[in-house]
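One structure is given below, encoded as structure tokens.
2 protein chains.
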Amino acid sequence: MSQTVDRALSILPLLAEGPADLGQVADRLGVHKSTALRLLRTLHEHGLVYRQQDQRYRLGARLFALAQEAVENLDVREIAHPHLVALNEQIGHTVHLAVYEESEVLYIDKVESRYPVRMYSRIGKPVAITVAAVAKLLLADLPEAERRALAEKLDFPMYTSRSIPNAAAFLKELATVREQGWATDLGGHEESINCIGAPIRGADGRVVAAMSVSAPNVVVTAEELLALLPLVRRTADVITREYSGQAPRQEGRA
Amino acid sequence: MSQTVDRALSILPLLAEGPADLGQVADRLGVHKSTALRLLRTLHEHGLVYRQQDQRYRLGARLFALAQEAVENLDVREIAHPHLVALNEQIGHTVHLAVYEESEVLYIDKVESRYPVRMYSRIGKPVAITVAAVAKLLLADLPEAERRALAEKLDFPMYTSRSIPNAAAFLKELATVREQGWATDLGGHEESINCIGAPIRGADGRVVAAMSVSAPNVVVTAEELLALLPLVRRTADVITREYSGQAPRQEGRA
DNA sequence: AATGAGCGTTGCATATGATGCAACACCACG
DNA sequence: CGTGGTGTTGCATCATATGCAACGCTCATT
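Here the protein sequences line up with chains A and B, keeping their order. Take 17 as the starting number for the first sequence in the working numbering and just add one per residue. Take 17 as the starting number for the second sequence in the working numbering and just add one per residue.
If you want it as structure tokens, here you go:
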């Protein structure tokens with residue numbers, strides 16, 4: 017809609033691939049160097065882009081700060097967090113919280129199992145949308161049309177032999193998930209990892225987030241993990257109740 | 017430099033404070049609603065902004081993805097990470113990695129303590145720049161003029177009675193840190209938390225990052241923590257060697 | 001039901017502001 | 001001491017962002 021802004025923003029994903037110099041940016045944008053320079057300068061002033069010693073540009077620090085603040089303002093996350101921690105303390109495995117947005121599913125919180133300390137950095141990473149339990153839960157609740165459209169658009173990479181192979185199978189799986197109110201991923205993403213998940217709903221009954229528990233089958237078998245399902249669903253329900261409870265997001269700040 | 021882009025980008029920090037509707041955005045930008053609409057639409061197309069059901073805008077998912085990719089492209093981080101993990105396994109406390117950029121110091125990696133008492137910090141979060149050990153290390157290496165200018169510009173909040181109170185004391189502390197090649201923060205940010213840190217240098221000898229170990233004094237006393245200093249410094253040196261790696265050219269810094 | 005207030009949205013005329021050009025400055029390299 | 005590759009600046013042109021006013025919609029009020 018706004019050409020100038022559009023061009024400027026196009027620089028960001030470009031730099032996400034790695035640092036680039038002025039000429040490269042100008043070329044990839046298809047604009048004059050001087051134009052690219054002005055855009056980069058503006059991005060720079062806002063801290064979204066940083067210029068390293070060799071004069072090349074890369075993504076800047078404010079990006080983190082923004083993503084940071086954004087995630088902290090998500091009220092589902094805030095409400096859910098203590099419950100996720102409690103669940104984690106009880107059963108020990110990794111617990112995830114995810115939301116759906118603009119054809120992507122992404123983790124917005126994670127509590128690590130007591131295993132080798134993993135990176136915080138997976139938060140924000142797009143989820144394997146065709147196989148993850150949380151993805152199934154979130155997509156299963158989309159309106160029919162949107163669900164169908166999305167399924168058509170997706171790729172179905174065969175991470176493992178048990179990955180969901182195509183749109184038809186995917187839609188069928190979503191129907192099941194929708195029906196039963198919980199979801200699994202049994203080795204569909206990584207051969208040895210199983211997940212079980214349950215939905216968190218808003219006051220209107222729509223699914224606003226999904227949580228899951230993941231564990232490698234060297235630790236617990238799929239059956240043992242499934243035995244935890246009632247506990248997981250109960251946790252999700254508690255969060256749902258608190259989230260849809262009153263109306264704590266009635267007003268922002270002023 | 018580019019007014020349109022400038023305005024568009026100004027929307028991001030504004031939304032970081034919390035969701036806002038079109039009118040609010042237009043007001044705070046001082047532009048017509050229709051203008052704000054176009055800017056928001058452009059931001060939306062790039063996924064930086066998301067429109068929730070109530071039509072209000074908030075920061076979008078791509079922001080995470082970008083921050084994600086950005087941090088993954090930092091080579092210091094990549095090289096340092098395994099060493100940080102190893103150090104954490106050896107001593108158990110929380111380990112941080114931070115860089116300086118544009119008058120801010122921010123964490124780019126963190127390995128959690130194995131102890132139940134954890135420190136609140138987040139990757140991407142700006143560090144308390146006047147007191148943190150990593151901040152001292154990074155700032156101590158700035159050119160004289162820049163260091164002085166920055167010190168003048170800073171606020172010196174008294175987080176605790178041991179916080180550094182003013183620019184003069186700060187510059188003095190930086191001189192010490194510069195001299196000795198390591199830094200501490202003994203209860204300067206939170207009364208009960210101590211940190212020790214060491215610098216990581218590039219091939220030219222300039223400090224490119226800083227690492228620290230933090231522990232609450234209910235777990236280890238400051239003296240016990242300081243006893244770990246040689247270990248921390250050694251780790252930092254190993255990272256430095258690997259990072260400034262290939263060309264074993266002796267640096268020209270004295 | 002009817003009315004109106006408050007919000008987001010659209011098309012359009014205007015001139016602001018973004019653009020590409022060409023010339024310049026700088027550095028590294030031969 | 002040139003020469004080719006950078007990044008940078010000032011400027012004339014016109015593309016493009018802007019504000020306006022009118023419209024459509026939803027919701028609350030009567």
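Just so you know, even glycine gets a beta-carbon here, dropped at the ideal spot from N, CA and C. As the structure is a prediction and not an experimental result, all values here were calculated from the model.
- In chain order, what residues of the same chain lie with their CB nearer than 6 Å to the CB of B/Gly76, ignoring the 5 residues before and after it? Gly63, Leu64, Val65, Tyr66
- What residues match up with B/Pro142 in a beta bridge as DSSP calls it? B/Leu122
- Item | Strand pairing of B/Leu75, partner residues [DSSP] | B/Val65
- Proximity of B/Leu79 and A/Leu79 at Cβ, strictly below 9 Å: yes
- Short CB-CB distance (under 9 Å) between A/Arg57 and chain B: yes
- Query: Among B/Ala52, B/Asp157, B/Asp22, B/Val21, which one has its Cα closest to the Cα of B/Gly218?
  - Reply: B/Asp157
- Task: With a floor of 3 residues, list each beta strand (DSSP E) that falls wholly inside the region 159-222 of chain A, ordered by position along the chain.
- Result: 199-202, 209-217
- Given a cut-off of 9 Å, decide if B/Thr200 and B/Gly213 are closer than it, judged by their beta-carbon atoms. yes
- Query: Helix or strand or just coil, what does DSSP make of B/Leu241?
  - Reply: helix
- Give the DSSP-derived three-state secondary structure of A/Leu25 in the structure shown. helix
- Would you tell me roughly how many angstroms separate the C-alpha atoms of B/Gly197 and B/Ala184, rounded to the nearest one? 20 Å
- Message: Can you check which of these residues, B/Ala52, B/Arg164, B/Ile255, is closest to A/Ser18 by C-alpha distance?
- Response: B/Ala52
- Would you call B/Thr256 buried or exposed, if buried means 16 or more other Cβ atoms sit within 10 Å of its Cβ? buried
- Please name the residue or residues paired with A/Ser230 in a DSSP beta bridge. A/Thr110, A/Cys211
- Contact list for B/Asp22 against chain A, beta-carbon separation under 8 Å: Thr58, Glu61, His62
- Report all residues from its chain with a CB closer than 7 Å to the CB of A/Leu90; omit the five preceding and five following residues, and keep chain order. Ile124
- From B/Pro264 to B/Arg74, what does the alpha carbon distance come to, in whole angstroms? Residue confidence is low: B/Pro264 scores 35 on pLDDT, short of 50, so the model does not pin down where it sits. Its coordinate-derived value is still stated next. Going from the Cα of B/Pro264 to the Cα of B/Arg74 covers about 49 Å.
- Could you list which residues in chain B have their beta carbon closer than 9 Å to that of A/Glu120, in chain order? Gly63, Ala77, Arg78, Ala81
- Task: Using DSSP bridges, identify the partner residues of B/Ala36.
- Result: B/Tyr73
- Message: When you compare the CB of A/Met135 with every CB in chain B, is at least one pair closer than 9 Å?
- Response: Low local confidence applies: a pLDDT of 39 at A/Met135 is under 50, so the model's placement there is unreliable, and no value is given.
- With a 10 Å radius around its C-beta and 16 neighbouring C-beta atoms as the bar for buried, classify A/Val227 as buried or exposed. Reading off the sequence shown, one finds Met at residue 227 of chain A, where the question assumed Val. Classification for A/Met227: buried.
- On the premise that B/Ser177 lies in contact with B/Val147, defined as a C-beta separation below 8 Å, what is that separation, rounded to the nearest angstrom? Not quite, the Cβ-Cβ distance comes to about 12 Å (not below 8 Å), so this is no contact.
- Query: Going straight from the alpha carbon of A/Tyr280 to that of B/Leu155, what length do you get?
  - Reply: The structure shown does not extend to residue 280 of chain A, since chain A is modelled only from 17 to 270, so the question has no answer here.
- Query: Do B/Arg44 and B/Ala36 have their CB atoms nearer than 9 Å?
  - Reply: yes
- To the nearest angstrom, how far is it from the Cα of A/Glu33 to the Cα of A/Leu153? 31 Å
- Item | Burial state of A/Thr110 (16 or more Cβ within 10 Å) | buried
- Message: Does any residue of chain B have a CB that is nearer than 9 Å to the CB of A/Ala36?
- Response: no
- Query: Can you tell which of B/Pro98, B/Thr58, B/His112 has its C-alpha closest to the C-alpha of B/Asp211?
  - Reply: Here residue 211 of chain B is Cys; the residue named in the question, Asp, does not match the sequence. Taking only the C-alpha atoms, the option nearest B/Cys211 is B/His112.
- Task: Could you tell me whether the Cβ atoms of B/Arg164 and B/Leu187 are closer together than 9 Å?
- Result: yes
- Item | Three-way DSSP call (helix, strand, coil) for B/Val101 in this model | helix
- Message: Taking the straight line between their C-alpha atoms, what separation do you get for B/His99 and B/Leu245?
- Response: 15 Å
- Message: Could you compute how far the alpha carbon of A/Val235 sits from the alpha carbon of A/Glu207?
- Response: 14 Å
- Task: State the Cα-Cα distance for the pair B/Ala144 and B/His205, rounded to the nearest angstrom.
- Result: 7 Å
- Message: I want to verify the contact list: residues of chain A whose CB lies under 9 Å from the CB of B/Tyr73, in sequence order.
- Response: Those within 9 Å of B/Tyr73 in chain A number zero; the least Cβ separation is about 12 Å.
- Check B/Arg134 in the structure and name its three-state DSSP category. Its pLDDT being 41, under 50, B/Arg134 is placed unreliably by the model, and the measurement read from it follows with that caveat. Reduced to three states, the DSSP call for B/Arg134 is coil.
- Item | Option in A/Pro181, A/Phe172, A/Val41, A/Ala149 with minimal Cα separation from A/Val248 | A/Ala149
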